[in-house]
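Q: Take the sequence shown: its position 86, counting from 1, is numbered 85 in numbering that gives the first Met the number 0, and each next residue is one higher. All residues carry an ideal CB built from backbone N, CA and C; glycine is no exception.
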Amino acid sequence: MYKLNREVPVSITLDPDDFTGEDDALIHMYRHENKRKELSRIATDNASMVLHAGTRIDEDVGSVISSYFFASKEHSEEEYNRSVLFDELIIESTAMSYNTKRNILFNILNKTSYCSGKEKATLQTDLKKIQEWRNAVAHGSFTIMNKSFEVKLTYQSGGEKVIVLSDEFWTNVDQTIEKTEKALSKIEFCILKERGCIQGIGDDLEFDKELQLKSESFENRMNEEFGEGWKDYLA
0 MYKLNREVPV SITLDPDDFT GEDDALIHMY RHENKRKELS RIATDNASMV
50 LHAGTRIDED VGSVISSYFF ASKEHSEEEY NRSVLFDELI IESTAMSYNT
100 KRNILFNILN KTSYCSGKEK ATLQTDLKKI QEWRNAVAHG SFTIMNKSFE
150 VKLTYQSGGE KVIVLSDEFW TNVDQTIEKT EKALSKIEFC ILKERGCIQG
200 IGDDLEFDKE LQLKSESFEN RMNEEFGEGW KDYLA
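(1) Taking the alpha carbon of I241 as the point to measure from, which residue in F225, N145, E91, P8 has its own alpha carbon closest?
(2) Just the C-alpha distance for R133 and Y113, rounded to the nearest angstrom, thanks.
(3) Would you list, in sequence order, the uninterrupted beta strand (DSSP E) runs of no fewer than 3 residues that lie entirely inside the segment 122 to 188?
(4) Quick check on DSSP: helix, strand or coil for S71?
(5) Within a Cβ cutoff of 7 Å, which residues of the same chain sit near Y1, ignoring the five residues on either side of it in sequence?
(6) Pairs of beta-carbons, one from the segment 168 to 187 and one from the segment 134 to 145, closer than 8 Å: are there three or more?
(7) Please classify S39: does DSSP put it in a helix, a strand, or coil?
(8) Could you tell me the distance, in whole angstroms, from the CA atom of E118 to the CA atom of E224?
(9) Let's see if you can read the secondary structure: which residues bound the alpha helix (DSSP H) around R101?
(10) Which of helix, strand or coil does DSSP assign to S112?
(11) Is R194 near K72, with beta carbons less than 8 Å apart?
(12) Excluding the 5 residues preceding and the 5 following D125 in the sequence, name in chain order all residues of the same chain whose CB lies nearer than 7 Å to its CB.
(13) Does V63 come out as helix, strand or coil in the three-state DSSP assignment?
(14) Just the Cα atoms here: how many angstroms apart are C196 and R220?
(15) Name the DSSP bridge partner or partners of V9?
(16) What's the call for R101, buried or exposed, on a 16-neighbour Cβ count within 10 Å?
(17) Using the C-alpha atoms, what's the distance from S66 back to D59?
(18) On the three-state DSSP scale, how would you describe S216?
(19) Measure the alpha-carbon distance for K127 versus K181 and round it to whole angstroms.
(20) Based on Cα-Cα distance, which residue from E149, Y154, Y79 lies nearest to G139?
(21) With distances taken between CB atoms, is the gap from W169 to N33 smaller than 8 Å?
(22) Work out the CA separation of V136 and I190 for me, nearest whole Å.
(23) Return the first residue and the last residue of the alpha helix (DSSP H) that L84 is part of.
(24) Considering only their Cβ atoms, is the gap separating L104 from I64 smaller than 8 Å?
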């Protein structure tokens, strides 16, 4: 997982109205030093998570684009080499920005039925959110409110914006990232299935039967080795 190579700089805001005097403010600061350090650590970890997820989703969008143009059941060596070169020179190049990839993705979706209607609109909204969050944690400033211990993220996006980094906010970030990854995975699965690159249950009865036999054989071997309780560890 991508990790920041430095801590996110987190400043502390002291509001004089919160304290009876300077001594009271200093005592409060020293008394809660460990709590502020913990909040700073959490801010750094969460910023790392958002940056990593943004990079991973950017790669997923590129993979969907590449699959749409090059996925084929019968890949010749020449076609394979051409798809690799496409990824290296175009998809992974610095010229191919997040916005450019996103625009190409939705041009593809507008001309196909892989994702449509409300599902497509939600994906478009979520991709914009993730991009804004990624830019915010990368370029914004984190501040701990000394009395309330609220952590705020201030950043520029069409003007100055402030987000209170509450548990509810991070839950929304986590759920949005997971939902977006699933949506992109589903789109690529549809492309690959349409091109005959992968097979799903129900596409081929002989294939399904063979898959079932392999599954039963694996379960029998695991039961013999570890007993039937091994499945509980996968739950």
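A: Let me lay it out:
(1) Nothing about residue 241 can be read from this structure; the chain reaches only from 0 to 234.
(2) Counting from one through the sequence shown, the residue named residue 133 turns up at place 134. Counting from one through the sequence shown, the residue named residue 113 turns up at place 114. Between R133 and Y113, the C-alpha separation is close to 27 Å.
(3) 140 to 144, 150 to 155, 159 to 163
(4) In the sequence shown, residue 71 corresponds to position 72, counting from 1. Coil.
(5) Mapped onto the sequence shown, residue 1 falls at position 2. Interpretation of Y1 is limited by its pLDDT of 48, a score under 50 that renders its predicted location unreliable; no figure is taken from the coordinates.
(6) no
(7) Indexing the sequence shown from 1 puts residue 39 at position 40. In this structure, S39 counts as helix in the three-state DSSP scheme.
(8) Counted from its first residue, the sequence shown places residue 118 at position 119. Counted from its first residue, the sequence shown places residue 224 at position 225. Spanning the two alpha carbons is a distance of roughly 44 Å.
(9) In the sequence shown, the residue the question calls residue 101 occupies position 102. Where R101 is concerned, the enclosing alpha helix (DSSP H) stretches over 97 to 109.
(10) As a position in the sequence shown, residue 112 is number 113, starting the count at 1. In the structure shown, S112 sits in coil (DSSP, three-state: anything other than H, G, I, E or B).
(11) Taking the sequence shown and counting its residues from 1, one reaches residue 194 at position 195. Taking the sequence shown and counting its residues from 1, one reaches residue 72 at position 73. Contact: yes.
(12) For the purposes of this step, residue 125 is taken as the residue at position 126 of the sequence shown. These residues qualify, in order along the chain: T175, K178, T179.
(13) Numbered from 1 along the sequence shown, position 64 holds the residue referred to as residue 63. Note: V63 maps to helix in three-state DSSP.
(14) Reading the sequence shown from its first residue, position 197 is the one you call residue 196. Reading the sequence shown from its first residue, position 221 is the one you call residue 220. Distance between the alpha carbons of C196 and R220: 30 Å.
(15) Position 10 of the sequence shown, counted from the first residue, corresponds to residue 9. F141, per the DSSP bridge assignment.
(16) Locating residue 101 in the sequence shown gives position 102, counting from the first residue. Buried, because 16 or more other Cβ atoms sit within 10 Å of the Cβ of R101.
(17) Here the question's residue 59 lines up with position 60 in the sequence shown. Here the question's residue 66 lines up with position 67 in the sequence shown. Within the model, the alpha-carbon separation for D59 versus S66 is close to 10 Å.
(18) Mapped onto the sequence shown, residue 216 falls at position 217. The answer is helix: DSSP assigns S216 an H, G or I state.
(19) The residue you call residue 127 lines up with position 128 of the sequence shown. The residue you call residue 181 lines up with position 182 of the sequence shown. Looking at the two C-alpha atoms, the distance is approximately 16 Å.
(20) Position 140 of the sequence shown holds residue 139. With distances taken between Cα atoms, G139 lies closest to Y154.
(21) Position 170 of the sequence shown, counted from the first residue, corresponds to residue 169. Position 34 of the sequence shown, counted from the first residue, corresponds to residue 33. Not closer than 8 Å, so no.
(22) Translated into the one-based positions of the sequence shown, residue 190 becomes position 191. Translated into the one-based positions of the sequence shown, residue 136 becomes position 137. Near 33 Å, if we compare the C-alpha coordinates of V136 and I190.
(23) As a position in the sequence shown, residue 84 is number 85, starting the count at 1. First-last of the alpha helix (DSSP H) with L84: 76 to 85.
(24) Position 65 of the sequence shown, counting from 1, holds the residue named residue 64. Position 105 of the sequence shown, counting from 1, holds the residue named residue 104. Closer than 8 Å, so yes.
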